[in-house]
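Numbering (this note's numbering), first residue to last: 58 to 1171.
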């Protein structure tokens, strides 16, 4: 996934590759002191291999108390590197890990370097469970580190039973390969290759590679052009038009093409929409949509003609004459990579015959259960054959998707008639020659959770290949397109053979995941000519117009330095905006009339443009410059002088604007006579002050602009009261109060004006704002929420509409409340409780919103844990207007003192599991949990003793000692199970052993890997006891019928390897070792099929299944 800009710091999307936030902003200046003369080590570093592996052993890991922790520096490709980790997560509950350019602060201006790298946390028990993630990045001063904010859950890392932390030591590994940096900015794809690329929207490289592949199938492109669209369609609402537009631009423009219109036509408006599709799914969805849109048009059936093939599923009985067949169509074929060396081996596997016999016999009509053969054969292949390679698979042991990077070969020419048509069904037309030529190779580079996609295509099937990598298209040779995309391991050449004799092998994380072949006999039809005649006139006109607009904007941009934007605010703008769009200051300059004027134009000439625009003759115009005051308000400051009006617009901008942006903001003062006709502006002396007036109505809670007046500095407000009453439409002697609006950031400042003091003494000056209102009556205070101007402005400044959502339905707004940002925690929960009709506000628990993930934050707000509403809504540097609420059954302060655990109680005789929620003070022990549980569950006899176990992936990892404190027990990732201790276990003999017994099955699709399922349990085995004797006790315990039990196999398993036992074997002899790391790694395994219905275990929805029916009692 190519990130054009680094996403926000605590992106919670699992695998976003991000630089961490402490990077040095901007390029380093040239005068940064250079490091002292390079040491001998540094001089040798130039000879350093371009690839290397670095291992970092971190001791006392859990005691690291720094937020960030750096490794030692290591050298790769002549550069200094180091690994950066956040042991407690970079604002996420995951380990955060990055590769860092160690000397970025001292590198010269404009430096950059490109590296492919993988980071890993090693599993010290089973190396195969090590967590490894890989990516590539062009490092520079702005992004001097890159990696994974969410590398792995802290809960897994810090759990000693998982093997990532052994003796409090963590082992981190980095594999780095430095590659030559290419100059992206000066490269011209069209000039170099004749083709252009597609812009990446941030996470759409997988789509770009598919679109380029489809575009370069000319027959497909022609069909898209011939789909009926009209000039009234909008590309963002029509897939056919959006695709036509995209293809036309790819064919005729010189620069890379944007895909936003197309993704909008898919209905994708948000970032997460992109994450829902893989390439295969997108290919199918897009083709289905196009197939549907082509119905009833001249191009109906094109998708089927190009991509549709048919195969036949058959089941044929061996001993009786019976055969069942079913014909099915396909648009692409999914081929296995694991266990197959090439495409032919995958096709062999695809048509492999499966025997249905023994327990797995086929039920044939009229013939009952029969031995049979089952398989697939192809009736016909399509002209364009799309092969999806299964590079991504689900690993049941790790409960996660993994990427298969194994070597897998594919030929330039693919012969599907080989071996006398072994893939073909009897119904296949043997006259069709199924010889195919490779057209495109779609590549994924990276790991399962992220990475980058691009395509190698030879558009006309010549020997020249091209690599389409987002915006960039390059010429490539056949080796790059084929062999280098097979995957597997790459052995890097030794640059210093005497220094290290072990060849460095680097797993190739770039490999093909989709192949497109074109049938030789259909080649001329598919690689056809597509020209302007195929493109509708309205489309050509539309795109020509778009191109002209683009050129116009480009020209404007290029000439921007020759122009000034002048924004002219008038009385009408103030009257329209104040009380609607704005309350503070006078105007939003982005909403007033703006003029684009050449800098050399004399200002007097510009006044003529204004006269035409507003109908105000030049002699009646007076312009004021605006000024930003120290208190961050923006007010008219002074009128332009006669001399200034004689200058050019450009000179004037320099005078008014120290920030050197290309805008000049002006206020146009126009005096109107009684007949509302303009008058020449009055003379302005130093004694005259221009004031602006707003009127507040407390009953309507309304503020509006009234107008402006010139007053004398030595005059007093009392002298203009009659005029103000007239402007407001009040009686001449109405009592009014005056306030000066001084500032509003960060807090509101609005002060009462003494009517008896002069304007000068009250420190009023040009551009100041006076708000006035009728003098509040005492009885009126009851009716008005905000009786005076300051209280109203305070309210407006702090008011906040908050959207409340139930935590159970985090996507839906439940209700909105208008609150104040200054509300305390108690004010907010009280208002929410009132809205919900709840008597006790302390039973409300709130959770803040994460602006980046658009989800609730993982941790709720503690009782009175924040001071004000504003603190609840802020998320790093962003402010949200969403809060989530829950209604608790007990007050929050009480709940915070308690630890809540979900415990699954297994009844000793009844076939059921009951889940109980246990709440106890945090300092309680496991013994307290057991005592509490005894009051809630049905025991087999009054004196029964209970124990608490930790169960994870169908294995028992721990029996909790009764004295263990519950505060640190985590039931989020594994299951807590309570059960009665059987009487026989209480009287263990000296030679008796308590062993773990687990159910398991072997998965054929996963190389016969052992998979545990069902409920693990303990069993006593006695000295000298045979398997036959143990089996009797197991059958009785599990109550398995004889017929089924006879099919079970029994094995001793150590570290996942089964050793099958015979009935005469002495079981206890296998369980003699006591030095095994983790008792759960040695167990008696019961191998049988997992026939239990797959039911989610409600105590813990994200974990595996249990066999007993589940009930929940809280």
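Backbone N, C-alpha and C fix where the C-beta goes; we use that ideal spot for every residue, glycine too.
{"Asked": "Do residue 371 and residue 382 have their C-beta atoms closer together than 8 Å?", "Found": "yes"}
{"Asked": "Whole angstroms are fine: how far does the CA of residue 472 sit from the CA of residue 525?", "Found": "27 Å"}
{"Asked": "Select from 208, 155, 172 the residue whose C-alpha is nearest the C-alpha of residue 202.", "Found": "155"}
{"Asked": "Going by beta carbon distance, what residues of the same chain come within less than 6 Å of residue 949, once the five residues before and after it are set aside?", "Found": "899, 902, 920"}
{"Asked": "Would you mind giving the Cβ-Cβ distance between residue 414 and residue 432, rounded to the nearest angstrom? I have them listed as a contact below 8 Å.", "Found": "Between residue 432 and residue 414 the Cβ distance is about 14 Å, and since that is not below 8 Å, they are no contact."}
{"Asked": "With a 10 Å radius around its C-beta and 16 neighbouring C-beta atoms as the bar for buried, classify residue 245 as buried or exposed.", "Found": "exposed"}
{"Asked": "Counting along the chain, where does the alpha helix (DSSP H) carrying residue 465 start and finish?", "Found": "Note, residue 465: premise wrong, no alpha helix (DSSP H); not H, not E."}
{"Asked": "Within the continuous alpha helix (DSSP H) that includes residue 779, where are the two ends?", "Found": "778 to 785"}
{"Asked": "State yes or no: is the C-beta of residue 1035 nearer than 7 Å to some heavy atom of the ligand HEM?", "Found": "Questions concerning the ligand HEM fall outside what the structure shown contains, since it holds no ligand whatsoever."}
{"Asked": "Quick check: what's the CA-CA separation for residue 803 versus residue 770?", "Found": "29 Å"}
{"Asked": "Jot down the residue ranges of each uninterrupted beta strand (DSSP E) in the stretch 379 to 415, minimum 3 residues, whole runs only, in chain order.", "Found": "380 to 387, 390 to 393, 411 to 413"}
{"Asked": "For residue 1110 and residue 1116, what's the separation of their Cα atoms in angstroms?", "Found": "6 Å"}
{"Asked": "Please check the pair residue 676 and residue 707, which I expect to be a contact at CB under 8 Å, by giving their CB distance rounded to whole angstroms.", "Found": "Not quite, the Cβ-Cβ distance comes to about 24 Å (not below 8 Å), so this is no contact."}
{"Asked": "Determine the DSSP secondary structure at residue 180, reduced to helix, strand or coil.", "Found": "coil"}
{"Asked": "Please determine, among 729, 894, 276, the residue with the shortest C-alpha to C-alpha distance to residue 358.", "Found": "276"}
{"Asked": "Under three-state DSSP, which class holds residue 88?", "Found": "Legend: pLDDT at residue 88 = 27, less than 50; position of this residue unreliable, value from coordinates given subsequently. In the structure shown, residue 88 sits in coil (DSSP, three-state: anything other than H, G, I, E or B)."}
{"Asked": "What is the rounded straight-line gap between the Cα of residue 1047 and the Cα of residue 997?", "Found": "27 Å"}
{"Asked": "Say whether the stretch 869 to 882 touches the stretch 778 to 797, bearing in mind that this needs 3 or more beta-carbon pairs closer than 8 Å, one atom from each stretch.", "Found": "no"}
{"Asked": "Within this structure, are the beta carbons of residue 434 and residue 351 separated by less than 8 Å?", "Found": "no"}
{"Asked": "Taking Cβ positions, are residue 1084 and residue 1049 nearer each other than 8 Å?", "Found": "no"}
{"Asked": "Would you mind working out which of 1059, 314, 762, 678 sits nearest residue 603, comparing C-alpha positions?", "Found": "314"}
{"Asked": "Sorted by chain position, which residues of the same chain lie with C-beta nearer than 6 Å to residue 510's C-beta, five sequence neighbours on each side aside?", "Found": "262, 263, 266, 501"}
{"Asked": "Using only CA atoms, which one of 908, 953, 941, 944 lies nearest to residue 931?", "Found": "908"}
{"Asked": "Quick check: the Cα distance between residue 915 and residue 131, rounded to an integer number of angstroms?", "Found": "37 Å"}
{"Asked": "Got a sec? Which residues, its chain only, sit under 7 Å from residue 30 by beta carbon, not counting five neighbours each side?", "Found": "Outside the shown range of the chain (58 to 1171) lies residue 30, about which nothing can therefore be said."}
{"Asked": "Going by C-alpha to C-alpha distance, which of 661, 727, 729, 722 sits closest to residue 700?", "Found": "661"}
{"Asked": "Determine the burial state of residue 568: buried for a count of at least 16 other Cβ atoms within 10 Å of its Cβ, exposed for fewer.", "Found": "buried"}
{"Asked": "With 16 as the cutoff for other CB atoms within 10 Å, does residue 438 come out buried or exposed?", "Found": "buried"}
{"Asked": "Quick one: give me the first and last residue of the beta strand (DSSP E) that residue 571 is part of.", "Found": "567 to 576"}
{"Asked": "Less than 7 Å between C-beta atoms, sequence neighbours within five positions excluded: which residues of the same chain meet that for residue 406?", "Found": "393, 397"}
{"Asked": "Can you name, in chain order, every residue of its own chain whose Cβ lies under 8 Å from the Cβ of residue 365, other than the five neighbours on each side?", "Found": "386, 387, 388, 439"}
{"Asked": "Need the endpoints of the beta strand (DSSP E) that residue 234 sits in, please.", "Found": "227 to 236"}
{"Asked": "Which stretch, first to last residue, makes up the beta strand (DSSP E) that contains residue 529?", "Found": "529 to 533"}
{"Asked": "Would you kindly report the start and end of the unbroken alpha helix (DSSP H) that includes residue 276?", "Found": "275 to 282"}
{"Asked": "Which same chain residues end up closer than 6 Å to residue 330 when comparing Cβ atoms and leaving out the 5 residues on each side of it in sequence?", "Found": "The predicted position of residue 330 is uncertain, since its pLDDT is 43 and thus under 50; no value can be drawn from it."}
{"Asked": "Let me know the beta strand (DSSP E) ranges lying completely inside the stretch 1093 to 1135, each 3 residues or longer, listed in chain order.", "Found": "1106 to 1111, 1114 to 1117"}
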